[in-house]
Every structure is written in structure tokens, then in C-alpha cells.
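Each position in the sequence shown, counted from 1, maps to that position plus 43 in our numbering.
All C-beta atoms, glycine included, are put in the ideal place defined by N, C-alpha and C.
Note that this is a predicted model, so its numbers are computed, not measured.
What follows is a single structure, written as C-alpha cells, with notes after it.
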Amino acid sequence: MLINSQEVIKRFLEDEISSQERYEAIFDFIDSVHIRNGEFEGNYFIIKKMDVTNFIIYAENIYPDENHREIPFSTSIYKENLLKEINERARDKKYILKSRN
Numbered sequence: 044m045l046i047n048s049q050e051v052i053k054r055f056l057e058d059e060i061s062s063q064e065r066y067e068a069i070f071d072f073i074d075s076v077h078i079r080n081g082e083f084e085g086n087y088f089i090i091k092k093m094d095v096t097n098f099i100i101y102a103e104n105i106y107p108d109e110n111h112r113e114i115p116f117s118t119s120i121y122k123e124n125l126l127k128e129i130n131e132r133a134r135d136k137k138y139i140l141k142s143r144n
């Protein structure tokens, strides 16, 4: 099944922006200028920071018994767009919004 980028972002927001604390942790990871690259492991999704402005979001299925993992879908997104999407979701959930660094 093919999933478009907007659907990946929608699923990511539904799964990962699930509490005030989770929202803040994800926002801080994305917005940090001190983290140039790395990964944030969510409940189901991984946010891969390629550099300070480019991100890849992907779902990850790990099968330890079979010793492999699958990435069924992914998307790339710019920092500004990702923070906008996250803040819109947080606003809808009535979380206290964070400000940019």
C-alpha cells in the first residue's frame, strides 16, 4: 500500500503528539540548533534529523525474533513545516505551545 507524504505526517501527528510532555520533547529536538543530526524515537515513528533544517519521518517495525526491521513508509519535511504541523496539532489538543529558539 502506498502512502503519500501528507498521510505519513497525519499518522505521525496522531501517534506521537499525544501528550504535553511528548509534544515538548519532540518540539525541542526539532528546534534545537545544538543537535545537528540524530534520531528521536517515538512510540511508532522515528524522526531523523539530517541537519538543522531537513528531517525524515518514518514508521519502523522491528521483528527481534526474525532479526530484522521494516520501514513501511516515510517522508521528508523541512523544519519550518514540521514545527508548524506539530504546533497545529498541539493547539488542537489544547496543549501549551512552545516558542521558537
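- Query: Which whole-angstrom value is the C-beta distance of I69 and I90, which I expect to be below 8 Å?
  - Reply: 7 Å
- How would you label L56, buried or exposed, when you count the other beta carbons within 10 angstroms and need 16 or more for buried? buried
- Query: Going by the CB atoms, is the gap between I60 and K136 shorter than 8 Å?
  - Reply: yes
- Message: Tell me which residues share the same chain as E113 and place their Cβ nearer than 6 Å to its Cβ, disregarding the 5 neighbours each side in the sequence.
- Response: N104
- Task: With N92 as the anchor, note down where its beta strand (DSSP E) starts and where it stops.
- Result: In the sequence on display, residue 92 carries Lys and not Asn. That run of the beta strand (DSSP E) goes 88-92.
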